[in-house]
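Take 9 as the starting number for the sequence shown in the working numbering and just add one per residue. Notes for the one structure printed next.
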Amino acid sequence: MFNQFLDLFNASTIEDARRLLSETLIEANAYQIGEFSYYGYFTYGPVVDGTLVPALVGQRLQ
(Lines of atoms letter the chains of each structure in order from A and count residues from 1; the text may use other names and numbers.)
(Lines give C-alpha, C1' and ligand atoms only; values in the text may rest on other atoms or scores of the structure.)
Protein backbone atom coordinates (compact mmCIF):
# COMPACT_ATOMS: atom_id res chain seq x y z
CA MET A 1 0.00 0.00 0.00
CA PHE A 2 2.85 2.38 0.79
CA ASN A 3 4.52 1.79 -2.57
CA GLN A 4 1.17 2.33 -4.27
CA PHE A 5 0.94 5.67 -2.46
CA LEU A 6 4.44 6.66 -3.58
CA ASP A 7 3.58 5.74 -7.16
CA LEU A 8 0.74 8.27 -7.17
CA PHE A 9 3.27 11.12 -7.31
CA ASN A 10 6.20 9.28 -8.90
CA ALA A 11 8.25 9.06 -5.73
CA SER A 12 10.43 6.08 -4.93
CA THR A 13 11.42 6.76 -1.32
CA ILE A 14 10.01 8.33 1.81
CA GLU A 15 12.61 11.07 1.37
CA ASP A 16 11.08 11.93 -2.01
CA ALA A 17 7.63 12.13 -0.41
CA ARG A 18 8.90 14.38 2.39
CA ARG A 19 9.96 16.97 -0.19
CA LEU A 20 6.44 17.28 -1.62
CA LEU A 21 3.95 19.97 -0.72
CA SER A 22 1.36 19.05 1.90
CA GLU A 23 -1.37 19.71 -0.66
CA THR A 24 0.13 17.10 -2.99
CA LEU A 25 0.21 14.50 -0.23
CA ILE A 26 -3.36 15.29 0.83
CA GLU A 27 -4.59 14.94 -2.76
CA ALA A 28 -2.75 11.64 -3.20
CA ASN A 29 -4.19 10.36 0.08
CA ALA A 30 -7.74 11.30 -0.94
CA TYR A 31 -7.26 9.69 -4.35
CA GLN A 32 -5.89 6.47 -2.87
CA ILE A 33 -8.78 6.15 -0.44
CA GLY A 34 -11.36 6.96 -3.12
CA GLU A 35 -9.93 4.67 -5.78
CA PHE A 36 -8.54 1.73 -3.88
CA SER A 37 -10.79 1.35 -0.84
CA TYR A 38 -13.83 -0.85 -1.11
CA TYR A 39 -17.01 -0.61 0.94
CA GLY A 40 -16.34 -2.09 4.36
CA TYR A 41 -12.57 -2.06 3.88
CA PHE A 42 -10.51 0.48 5.74
CA THR A 43 -7.39 1.58 3.91
CA TYR A 44 -5.78 3.01 7.01
CA GLY A 45 -6.29 2.27 10.67
CA PRO A 46 -4.58 2.30 14.02
CA VAL A 47 -1.33 0.39 14.35
CA VAL A 48 -0.37 -1.15 17.66
CA ASP A 49 2.83 0.52 18.81
CA GLY A 50 2.77 -0.59 22.44
CA THR A 51 2.69 3.00 23.74
CA LEU A 52 0.06 5.26 22.21
CA VAL A 53 -1.93 2.28 20.91
CA PRO A 54 -1.16 -0.53 23.37
CA ALA A 55 -3.43 -3.16 21.75
CA LEU A 56 -6.10 -3.63 19.11
CA VAL A 57 -9.41 -1.96 19.95
CA GLY A 58 -11.24 -5.30 20.10
CA GLN A 59 -8.76 -6.61 22.66
CA ARG A 60 -9.02 -3.47 24.79
CA LEU A 61 -12.82 -3.69 24.91
CA GLN A 62 -12.93 -7.26 26.22
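From the three backbone atoms N, C-alpha and C, an ideal C-beta is built for every residue, glycine too. Predicted model only: the values in this text are computed from it and were never measured.
Three-state secondary structure (DSSP) of residue i
i          : result
residue 30 : helix
residue 37 : helix
residue 25 : helix
residue 3  : Residue coverage of the chain in this structure runs from 9 to 70, which leaves residue 3 outside it and unanswerable.
residue 65 : helix
Minimum C-alpha distance to residue i - residue among the options
i          : options        : result
residue 32 : 46, 51, 16, 58 : 16
Straight-line gap, residue i to residue j (C-alpha atoms, nearest Å)
i          : j          : result
residue 29 : residue 35 : 10 Å
residue 63 : residue 20 : 31 Å
residue 60 : residue 18 : 32 Å
residue 65 : residue 52 : 14 Å
residue 42 : residue 22 : 22 Å
Chain-order list of residues whose beta-carbon lies under 6 Å from that of residue i (same chain, five-residue window excluded)
i          : result
residue 54 : 61
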